[in-house]
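Okay, structure first, notes after.
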Amino acid sequence: MGVIQTGVNAAPIGERKMRRDIGLVGLMFVSVGSIIGSGWLFGALNASLVAGPAALLSWIIGGAAVILLALIHAELGGMYPVAGGSARFPHYAFGSMIGFAAGWFAFLGAVTTSPIEVEAALQYATNYISGLTTISAGLPVLTGLGYAVATVLMLIFAAINIMGVKWLSETNKVAVYWKIAIPFLTVVVLIVRAFHSGNFSAGGGFMPFGWKGVFSAIATGGVVFAYLGFEQAIQLGAESQNPRRNIPLAVIGSMILGVVLYIALQIAFTAALDPHSLSKGWSSVAFAGKGKLFGPFAGLATGLGLGWLAVLLYTDAIISPGGTGLLYVGTSSRLTFALSRNRYIPALGARLSVRGVPVYAIAFSFLVGMFVFLPFPGWQQLVGFISSATVMAYAMAPLAMGALRLQEPDRERPFRLPGGTFLAPVGFVIANEIILF
11 MGVIQTGVNA APIGERKMRR DIGLVGLMFV SVGSIIGSGW LFGALNASLV
61 AGPAALLSWI IGGAAVILLA LIHAELGGMY PVAGGSARFP HYAFGSMIGF
111 AAGWFAFLGA VTTSPIEVEA ALQYATNYIS GLTTISAGLP VLTGLGYAVA
161 TVLMLIFAAI NIMGVKWLSE TNKVAVYWKI AIPFLTVVVL IVRAFHSGNF
211 SAGGGFMPFG WKGVFSAIAT GGVVFAYLGF EQAIQLGAES QNPRRNIPLA
261 VIGSMILGVV LYIALQIAFT AALDPHSLSK GWSSVAFAGK GKLFGPFAGL
311 ATGLGLGWLA VLLYTDAIIS PGGTGLLYVG TSSRLTFALS RNRYIPALGA
361 RLSVRGVPVY AIAFSFLVGM FVFLPFPGWQ QLVGFISSAT VMAYAMAPLA
411 MGALRLQEPD RERPFRLPGG TFLAPVGFVI ANEIILF
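Plus 10 on top of the position in the sequence shown (first one is 1) and you've got the numbering used here.
This is the structure in structure tokens:
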């Protein structure tokens, strides 16, 4: 299968072009906004239940593994600064057959994320506005009122995206500043207010479950999935002011920030626990009331008499998934654009408005979101499939990088991963291990 040659950025003569209105910070925040979702509220507890204090090692090892995948994407993004890059790199490397499957994996993972995040926000909001969700067959689903509110939110997200990529970038910046501030504030306050250094050796020692617990936390404790999302800068990279420079910097910078934050959260959580709660071991650590619903950090804040911090965390549980929902309406539309550029779907998907955005692709993301909100049987299985599809898209990047190094060795690479010939297959193995677990 052949390689797509030069000119991958260029739109046909006379066609509208995307506007390069996103700066480096805005592009990096696109990835940061995905990495720091509402999952941080539960990540430290889930990892600790499996690994104990050694969950700290899980975050370090998991972060190193995902950073490798990010570095691979950084090389590809610098080489090909195109919209929806995750759907195009395999196409450039392997042609239509593999590119078609990889492109659709990336699209499915992105387009369903926005409605899932909106539904998560409404589940938290139900504690303040009754009647948004209900329980059906043991699972939360939207009520009629909830569906109406979800529709309004998706319409707002679509409208912001249609206004232009600068609107998306600036709105996302506001959300991400909040997303960064609240977790770091939580870390500082908990460390200052309650730091029990003995917790790192309590409940069976630093590694009560051994190395098995450390690696189990990476796979099943949510560590790896907390780090995923760095590739969103790839999807919007073509709209950056200096894409060949900014895409690698944004991808790498977002991952470094994410790793530092999650490690700090794990340290703060472990140290802030009441030592008496560890008397029955780490697997018995639990929170009741709002701590169970909004996460262990909210429970710790309440127990320490930090009501103001608990309120901020309750609010974050609604804002964080909402901000992620806004972002994925934009990035999923760029993947639709890419599928159209690859000629896998009709050309309408790549048609741009006068503001330089793929307006029909945005509309399609909205419609898919409305479909995802519906309470279909077996929906949880579909969510599991979508998660696997997302990671399968990650797995294609190392293969594409290895192939393109052989096929286009002289092509300009603003960022070149040292030892890439060896690290590409390692990255492929890591992605497949994520799918396996």
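We put the beta carbon where it would ideally sit given N, CA and C, even for glycine.
In summary, T196 is buried, with 16 or more beta-carbon neighbours lying within 10 Å of its beta-carbon over all protein chains present. Collapsing the DSSP output to three states places V151 in a strand. If you draw a straight line from the Cα of G113 to the Cα of G313, it is about 47 Å long. Residue range 143 to 146 is occupied by the beta strand (DSSP E) that includes I145, with no alpha helix (DSSP H) assigned at that position.
With a cutoff of 8 Å on beta-carbon distance, G232 and N56 are scored as near each other. Residues of the same chain with a CB within less than 8 Å of the CB of P356, apart from the 5 flanking positions on each side, are S350 in chain order. Ranked by Cα distance from P253, the first of T400, T280, G33 is G33. Leaving aside the five residues that flank T153 on each side, the residues in its chain whose CB is nearer than 7 Å to its CB run, in chain order, G141, L142, T143, T144. In this structure, N256 is the residue among S146, P63, N256 with its C-alpha nearest to the C-alpha of R30. As far as DSSP is concerned, S226 takes part in no beta bridge. Taking 8 Å as the cut-off, the beta carbon of P125 is found closer than this to the beta carbon of F383.
One thing to note: L78 has its Cβ no nearer than 8 Å to the Cβ of I372.
When only Cα atoms are considered, I445 and G43 end up about 23 Å apart. Contact check for A407 against F99 passes: the beta carbons are separated by less than 8 Å. The closest CA to that of F279, considering only A413, R26, F52, V35, is found on F52. Per the coordinates, the alpha-carbon of L416 lies some 51 Å from the alpha-carbon of Y324. In terms of Cβ geometry, S343 and S375 form a close pair [threshold 8 Å]. Using a 10 angstroms sphere on the CB of V186, the tally of other CB atoms reaches 16 or more, which defines it as buried. Bridge partners of I32 according to DSSP: S250. Membership of R351 in the alpha helix (DSSP H) is indicated by the continuous run 317 to 351.
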